[in-house]
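2 protein chains.
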Amino acid sequence: MNVLIIHAHNEPKSFCSALKDLAVEDLRKAGHQVRVSDLYVMNWNPVAGSEDFGSRSNPDYLVYALEQRKNHEAGTLAADVVAEIEKVQWCDLLILNFPVYWFSVPAILKGWIDRVMISGVFYGGRRIYDRGGMRGKKAQAVFTLGGRQHMFGDDAIHGDIRTMMRPLLQGAFGYCGFDVLPPFIGYHVPYLDDAERAQILHDYSAHLSELDGLDPLPMPQMNQFDEQLRPISD
Amino acid sequence: MNVLIIHAHNEPKSFCSALKDLAVEDLRKAGHQVRVSDLYVMNWNPVAGSEDFGSRSNPDYLVYALEQRKNHEAGTLAADVVAEIEKVQWCDLLILNFPVYWFSVPAILKGWIDRVMISGVFYGGRRIYDRGGMRGKKAQAVFTLGGRQHMFGDDAIHGDIRTMMRPLLQGAFGYCGFDVLPPFIGYHVPYLDDAERAQILHDYSAHLSELDGLDPLPMPQMNQFDEQLRPISD
């Protein structure tokens with residue numbers, strides 16, 4: 636497999652960064668090709684703006700998603716974005732590796748999603764979900780957070796973690812047609828002792844060795860919706 | 636009321652920007668004080684990094700949330716962040732006004748949340764939800780999207796819109812103790828004709844005139860959870 640890891644932590648010695656390093660090492664040992672985009676090291680620009688476009692379909696009124704598609708077709712999209720798109724096209728498995736900020740991805744990673752996952756390549760019109768541009772590829776979220784596992788669940792204080800992460804798991808990964816693997820989660824990370832952290836690394840290593848056997852999360856199936864994307868009744 | 640609008644659209648002539656302009660006009664006419672942070676115009680930096688800190692509690696290992704709190708106490712937090720914190724402290728109602736990117740906020744706005752909503756002021760330890768630092772203030776999300784209303788709901792293709800927006804509504808607003816007003820949503824915006832857009836502006840104007848009568852969304856109540864934030868059984 637070709638594996639692309641997008642990493643977004645501002646401390647190279649963090650536990651989250653150790654998860655990234657472990658994945659690189661384990662996956663290479665298992666014979667996979669691995670590339671890493673380390674967004675903080677790259678000084679990645681997260682702002683979706685007119686500077687991304689070397690030409691403009693409409694110079695007077697910016698419709699960002701439209702210009703993404705048009706500029707990609709014209710070869711005038713920002714070079715940093717094009718480089719990331721090519722990495723995603725190369726990969727069989729995309730891993731986003733990040734600390735949870737506000738029940739979501741850090742802004743630098745949100746800006747990777749906003750700028751890289753362009754119309755025409757990742758999705759377009761009704762080419763979404765199981766008809767999305769990324770079908771045949773897998774995607775996985777790997778994240779660390781401060782909360783404990785018991786704070787997440789249907790009756791827990793913050794609710795179900797996969798529901799909290801749905802904008803990423805379904806709204807981004809699933810929407811583009813990736814097979815969405817179950818996320819790997821490191822809970823309570825800032826408060827763990829060395830043995831507890833070692834256990835999570837051990838668990839992640841086991842998880843990585845079993846990627847092929849993981850069932851993807853359920854996603855909407857386009858054949859259950861009509862042309863207007865309304866549910867088809869029985 | 637003092638109202639702070641955080642606006643995050645890269646096209647000043649966009650419909651989303653028109654919603655912001657309408658809110659400024661209507662709220663001022665109604666006698667409220669209104670301030671606007673227009674993030675694209677401000678060239679807001681969304682990246683949460685070590686550059687935000689003029690001093691370091693631990694120079695060798697960055698724990699971003701910890702340094703946010705320590706630097707705020709020491710008066711060494713980045714000036715752009717301090718200015719936004721003071722605006723939030725001034726306001727009675729916080730409005731985030733944005734186009735939906737990937738079922739979430741654009742990165743530039745995510746970076747406002749990441750950098751501004753600091754530990755010690757917005758939340759801290761078990762000072763969350765109805766004990767959060769922002770209790771007594773209101774918050775509202777106002778957003779535009781391309782999807783139609785029938786694409787959202789329990790049986791709809793993308794699921795319930797408030798669930799999709801839960802990281803913002805509960806995970807950020809609710810978590811900090813804001814009373815979270817129901818979001819105002821402009822559906823299908825890129826595809827509407829002038830009359831349909833005028834109708835949404837009209838509806839938003841009516842919504843703004845009725846803010847006082849809106850019931851906040853339900854959020855977790857801290858007295859229903861124990862010291863470990865486990866649900867208290869009957």
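Chains as they are written, first to last, in our numbering: chain A, 636 to 869; chain B, 636 to 869.
Ideal placement from N, C-alpha and C gives every residue a C-beta, glycine not left out.
> Mind checking Arg750 (chain A): buried by the 16 CB within 10 Å criterion, or exposed?
Replying inline: buried
>> My output table needs one value for Tyr810 (chain A): the three-state DSSP class, helix, strand or coil.
In response: helix
>> Measuring straight from C-alpha to C-alpha, what distance separates Ala742 (chain A) and Pro734 (chain B)?
In response: 15 Å
>> So within the region 658-719 of chain A, which uninterrupted beta strand (DSSP E) runs reach at least 3 residues, ignoring any that extend past its ends?
In response: 668-673
> Where does Gln863 (chain B) land, buried or exposed, given buried means 16+ other C-beta within 10 angstroms?
Replying inline: exposed
>> List, from N- to C-terminal side, the alpha helix (DSSP H) runs of 4 residues or more that fit wholly inside the region 809-859 of chain A.
In response: 829-844
> Should Arg801 (chain A) be labelled buried (16 or more other beta-carbon atoms within 10 Å of its own) or exposed?
Replying inline: buried
>> By the three-class DSSP mapping on this structure, what secondary structure does Ser739 (chain A) have?
In response: strand
>> Does any residue of chain B have a CB that is nearer than 9 Å to the CB of Gly759 (chain A)?
In response: no
> Which two residues bound the contiguous beta strand (DSSP E) that contains Ile640 (chain A)?
Replying inline: Asn637 to His642
>> Taking the beta carbon of Asp814 (chain A) as the centre, do at least 16 other beta carbons fall within 10 Å, making it buried, or is it exposed?
In response: buried
>> Under DSSP, the alpha helix (DSSP H) around Ile796 (chain A) begins and ends at which residues?
In response: Ile796 to Met799
>> If you reduce the DSSP assignment to three classes, tell me which class Ile753 (chain A) lands in.
In response: coil
> Can you list the residues of chain A that Glu646 (chain B) reaches, using a CB-CB cut of under 7 Å?
Replying inline: Tyr696 and Leu697
>> I'd like the span of the beta strand (DSSP E) that includes Gln863 (chain B), first residue to last.
In response: Here Gln863 (chain B) belongs to no beta strand (DSSP E), and DSSP marks it neither H nor E.
>> What would DSSP say about Phe733 (chain A), mapped onto helix, strand or coil?
In response: strand
> What three-state label does DSSP hand Arg783 (chain B) in the structure shown?
Replying inline: coil
> Considering only the beta carbon of each residue, do Ala713 (chain A) and Asp687 (chain A) sit closer than 9 Å?
Replying inline: yes
> For Gln856 (chain B) versus Tyr764 (chain B), is the C-beta spacing smaller than 9 Å?
Replying inline: yes
> Is Ile796 (chain A) near Ile753 (chain A), with beta carbons less than 9 Å apart?
Replying inline: no
>> Distance check for Val676 (chain A) and Asp828 (chain B), CA to CA, integer angstroms please.
In response: 45 Å
> Is Phe738 (chain B) closer than 9 Å to Gly794 (chain A) when the C-beta atoms are compared?
Replying inline: no
>> So Ile720 (chain A) contacts chain B; which residues on that side make the cut at Cβ distance below 7 Å?
In response: Within 7 Å Cβ-Cβ: nothing; Ile720 (chain A) doesn't reach chain B, min ~16 Å.
>> Checking the sheet assignment: what are the DSSP bridge partners for Ala776 (chain A)?
In response: A:Leu731
> On the premise that Met636 (chain B) lies in contact with Asp727 (chain B), defined as a C-beta separation below 8 Å, what is that separation, rounded to the nearest angstrom?
Replying inline: 4 Å
>> Helix, strand or coil for Arg761 (chain A)? Go by DSSP, reduced to three states.
In response: coil
> Sorted by chain position, which residues of the same chain lie with C-beta nearer than 8 Å to Gly746 (chain B)'s C-beta, five sequence neighbours on each side aside?
Replying inline: Trp679, Asn680, Pro681, Val682 and Ala683
> Rounded to a whole number of angstroms, what is the C-alpha to C-alpha distance between Leu846 (chain B) and Ala774 (chain B)?
Replying inline: 11 Å
>> Against Val682 (chain B), what residues of chain A qualify as contacts under a CB-to-CB distance less than 7 Å, listed in chain order?
In response: Pro681, Ala742 and Ile743
> If we ignore side chains and look at the alpha-carbon of each, how far apart do Ser652 (chain A) and Ala658 (chain A) end up?
Replying inline: 10 Å
> Mind pulling the chain A residues with CB within less than 9 Å of Tyr736 (chain B)?
Replying inline: Ala683, Tyr699, Ala700, Lys745, Ile748 and Asp749
> Which chain A residues are close to Pro866 (chain B), counting only those with a beta carbon under 8 Å from its beta carbon?
Replying inline: Asp790, Ala791 and Ile792
> Within 9 Å (strictly less), CB to CB, does Arg832 (chain B) reach chain A?
Replying inline: no
> Glu660 (chain A): buried (16+ other C-beta within 10 angstroms of its C-beta) or exposed?
Replying inline: exposed
> Considering only residues of the same chain and omitting the five flanking positions on each side of Phe955 (chain B), which have a CB-CB separation below 8 Å?
Replying inline: Any property of residue 955 (chain B) remains undetermined from this structure, which presents chain B solely from 636 to 869.
> Apart from the five residues just before and just after Lys722 (chain B), which ones in its own chain have a Cβ nearer than 8 Å to its Cβ?
Replying inline: Leu639, Arg670 and Ser672
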